[in-house]
Amino acid sequence: MNIFIMGAPGSGKGTFSSRIRDTYNLNHISTGDIFRENISKGTPLGQQARQYSEKGLLVPDEITNAMVADYLRNLPDRKNGYLLDGYPRTLAQAKAFEELTAGTADAPDLVLSMDVPFDVLTKRITGRRTCSKCGAIYNIYTKAPAAEGICDACGTELSQRKDDNEESLKVRLNEYAANTEPVIDYYASRDMVERVNADRPIEEIWSDVQEILNSK
Ligand SMILES: [Zn+2]
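Here UniProt numbering is used: position 22 in the sequence shown is 22, and no number is missing along the way.
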């Protein structure tokens, strides 16, 4: 089974990706990893991509698409399929990937959309505080430390990641709404999308995800 997993920042996509990968024996692939691998190995596509990123330009879709398709073709072990994370990010990528993989074993079967309302995501992310010493994670809205700004476990002052502020998050959420929602709509029109209400306790969400995947 070949799956695209979609979800805005803070949707828990990473957690569920790991569980899906392990439970269903899939290749979990993120486009970030594919990029880094092509660039470090100096493949022709990696060299082209590097030229763009060195100039501060976005890597064009056709290079990204070719890298992903190439990566899938050359997997040492195809396992039970793939779980692609972070791709396709735009409608243009979705359509191009479809042309590259139509009729092959690499065509996608299912799009899993991890849905969480944006106001919930905002609290999850902007409320997050971490302890740099012991790694404990808090949330000022849902899991506040006993003393404000201080780690319960080790007494260290908590900090907020630079990207977790409201302005930066708004940019990322808007980007997701503008680019990725149309991708989900596109696959929904082809009856390939399963939407999961991901604003619930983790085990309830996981139970729904398994039910969906087991029925395929
Ligand atoms: Zn701590």
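C-beta: ideal position from N, C-alpha, C; glycine also.
When Glu-37, Cys-151 and Pro-9 are compared against Lys-123, the one with the closest alpha-carbon: Comparing C-alpha distances from Lys-123 to each of Glu-37, Cys-151 and Pro-9 shows the shortest one belongs to Pro-9.
Span of the alpha helix (DSSP H) around Thr-101: 91-101
Close beta carbons around Asp-85, own chain, < 6 Å, minus the five adjacent residues each side: Ile-5, Ser-17 and Ser-30
Check whether Leu-112 and Ile-3 have beta carbons under 9 Å apart: For the 9 Å CB-CB criterion, Leu-112 and Ile-3 form a contact.
Proximal residues to Asn-25 (C-beta, below 6 Å), its chain only, five neighbours per side dropped: Lys-79 and Asn-80
C-alpha gap between Ala-136 and Ala-147, whole angstroms: 14 Å
Distance between Cys-134 and Ala-105 (C-alpha atoms, nearest Å): Ala-105 and Cys-134: Cα-Cα distance of roughly 44 Å.
Cross-strand partners of Asp-85 (DSSP beta bridge): Asp-85 is bridged by DSSP to Ile-5 and Ser-30.
Met-114 - containing beta strand (DSSP E), residue span: 110-115
Where Glu-37 sits in the DSSP three-state scheme: helix
Cα-Cα separation between Asp-208 and Arg-21, rounded to whole angstroms: Computed Cα separation, rounded: 16 Å.
Bridge-paired residues (DSSP) for Val-196: Met-114
Whole-Å CB distance - residue 220 paired with Ser-168, under 8 Å assumed: The shown model of the chain, from 1 to 216, leaves out residue 220, and the question about it has no answer.
Residues proximal to ligand 1 by C-beta, any heavy atom closer than 6 Å: Cys-131, Lys-133, Cys-134, Ala-136, Cys-151, Ala-153, Cys-154 and Thr-156
Three CB pairs or more closer than 8 Å across the stretch 32-50 and the stretch 60-76: yes
Beta carbon of Asp-115 nearer than 9 Å to that of Gly-14: no
Proximity to Asp-77 [Cα-Cα], best of Asn-27, Glu-175 and Gly-155: Asn-27
Opening and closing residue of the alpha helix (DSSP H) in which residue 301 lies: Because the chain here runs from 1 to 216, residue 301 falls outside it and cannot be looked at.
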